[in-house]
Structures are given as structure tokens and as C-alpha cells.
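**Student:** I'd like to ask some things about the structure below.
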Amino acid sequence: MIYPRLVKMFYANLETSTTCIAKSYVLGTPISITPDLVAEILEIPNEGITNFHDIGRTEALGICLEQPNVNPLLNVTSSHLPIASRIILLLVTNTFLPKEGSHTLPSERDLKFVACVKNGTLINLPYFIVNHILSRPNHTPYPMLLSRIISFVLASLNIDFPDDEQSIKHSHKQLVNKTGLRHCGIVFEDGEWVKMRGRGREQAREQVDVRAGDDDDDEEDGP
């Protein structure tokens, strides 16, 4: 379940922090979110790199574009990327570090994130999630994760939800939203993911772990 009002309440009361701990209040109850808690809720490791200082922009571009020599001044859009890089970028900008606005113009951080995923560098996702929460984005990312944490904390303190609390039942999830893929020029055809190029289609050069299901125009929620 997702509790939109409680999630908005969490962000409205979010305290400024110099550490990787997101502190807020919901229904008068203190809520503290740490990377350890996120890792426990999502059942993922709380280990790996916590910044991208060791990978330069040019190196990241080369990995994302799968080219040994790239122009470091190139302004990359999602249309420049191979299909695997596009799908990872879609996951980064929609799920891991969700953002509003155009997803076709990746930031330097987005490109470095994609590059680390492709070269097998372990990323401390719980750490990045908490820091993204603390960045006070203009939207309210991770509604499902925050709803689970808030529910857990309130239940542990025997605090009942208000009778009129609105909840949204989460819809069936796909690993990657097909509408988002279409926006990136990727379609599922004849059992394979292929990239649109002009009037033709280029077959995906590698197998990508993407689940094909019924077309679903619902946007994916964060973790």
C-alpha cells in the first residue's frame, strides 16, 4: 500500500541533515531512515561505493556508449546510447534516483551510475536513496518504500492509522515500464527488445533482463 498524505507529510517535516540519516515526523511520531534500514526493507546489501569520484566523465561516456574513444565534450542524450545503457538509464532516472522532467538528457551522475552498473562496480544503493531523499526534490520519490517504513514504525509503536487515511493499492509491476521504453525508442517485437532507428529497427546486441508483459501506461514507483 502507498499512503500519499503520509509520504507528503514525511517530506514536509524533513529535517536538514549533515549525515546520511533522513529524520522527519509523521502524525507526531519521529521517523529516522538510515541506509541500514533501507537495506533491511528492500533486502539488498548496504555496501559499495557512495560517490563517483573515482570515475571520470570521459570514462563513463566510453562505458555507456560502448566506445573506446569518445569526445569528452559530447552532449549525450538517451538516443546516443546502446539499448542496454538506455534501459539501465531508465531504471536510474525512474526508480533508483527518480527525477522529474526530461529523462532523455542524463546528468553526469546518471551516466556515472549507468557506467558503474555496466562495469560491475558495486554501488551502495541504500546510501544513494537516503541522500536522494535528503536532497529535497520537488516531487515525492520512493512513495512505496516510505509507506512501508512509516507503516512499520507506527505499528511498532501501536499507533493506529487515521480511519480516513487514503491508501493506494500498488499496481502489478514490470521491471521496466514499457511506456517509458517506448519514449526511449525501444520496443518489444517478436520476443526481443529492439531499438528504433529511423524507419528500421536494430536488433538488440545483447540479452537484457527485461520482463515483457501487458502494456501498462502506469508510471513505475520508486523502490
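Under UniProt numbering, the first residue of the sequence shown carries the number 1, and numbering increases by one thereafter.
For glycine and all other residues, C-beta sits at the position ideal for the given N, C-alpha and C.
1) Assign Val26 to one of three DSSP states: helix, strand, or coil.
2) State the DSSP-derived secondary structure class of Ile49, mapped to helix, strand or coil.
3) What number of angstroms, rounded off, separates the C-alpha of Ser135 from the C-alpha of Phe128?
4) Going by the CB atoms, is the gap between Tyr3 and Ser167 shorter than 8 Å?
5) Give every residue of the same chain whose Cβ lies closer than 7 Å to the Cβ of Tyr11, excluding the five residues on either side of it in the sequence, and list them in chain order.
6) Output needed for Glu66: all residues of its chain with C-beta closer than 6 Å, excluding positions within five of it in sequence on either side, in chain order.
7) Going by beta carbon distance, what residues of the same chain come within less than 8 Å of Ile150, once the five residues before and after it are set aside?
8) Contact check, Asn124 vs Pro68 under 8 Å by CB: the rounded distance?
9) Determine the closest residue to Leu61 out of Leu122, Lys112, Val130, with distance taken between C-alpha atoms.
10) Can you have a look at Thr93 and say buried or exposed, based on whether 16 or more other CB atoms are within 10 angstroms of its CB?
11) If I'm right that Pro72 touches Arg86 with Cβ under 8 Å, what's the distance once you round it to whole angstroms?
12) Would you report the Cα separation of Glu40 and Thr95, rounded to the nearest angstrom?
**Tutor:** Taking the structure as given:
1) Residue numbering aside, residue 26 sits at position 26 when the sequence shown is read from its first letter. Of the three classes helix, strand and coil, the one that applies to Val26 here is strand, per DSSP.
2) Translated into positions along the sequence shown, residue 49 becomes position 49. Strand, per DSSP.
3) The sequence position of residue 135 within the sequence shown is 135, counting from 1. The sequence position of residue 128 within the sequence shown is 128, counting from 1. In this structure, the straight-line span from the alpha carbon of Ser135 to that of Phe128 is close to 10 Å.
4) Translated into the one-based positions of the sequence shown, residue 167 becomes position 167. Translated into the one-based positions of the sequence shown, residue 3 becomes position 3. Yes, the Cβ-Cβ distance between Ser167 and Tyr3 is below 8 Å.
5) Taking the first residue of the sequence shown as 1, we reach residue 11 at position 11. Hits under 7 Å: Thr140.
6) Mapped onto the sequence shown, residue 66 falls at position 66. Same-chain partners within the cutoff: Pro82.
7) Looking up residue 150 in the sequence shown gives position 150. Excluding sequence neighbours, Ile150 sits near Tyr3, Leu6, Val7, Phe10, Val26, Ile31.
8) Working through the sequence shown from its first residue, we reach residue 124 at position 124. Working through the sequence shown from its first residue, we reach residue 68 at position 68. Not a contact, Cβ separation roughly 28 Å.
9) In the sequence shown, residue 61 corresponds to position 61, counting from 1. When only C-alpha atoms are compared, the closest one is Lys112.
10) Taking the first residue of the sequence shown as position 1, residue 93 is located at position 93. Residue burial annotation: Thr93 is buried, with at least 16 other C-beta atoms found within 10 angstroms of its C-beta.
11) Start at 1 with the first residue of the sequence shown, and residue 72 comes out as number 72. Start at 1 with the first residue of the sequence shown, and residue 86 comes out as number 86. That belief does not hold up - the Cβ atoms of Pro72 and Arg86 are roughly 21 Å apart, past 8 Å.
12) Position 40 of the sequence shown holds residue 40. Position 95 of the sequence shown holds residue 95. Rounded to the nearest whole angstrom, the CA to CA distance from Glu40 to Thr95 is 18 Å.
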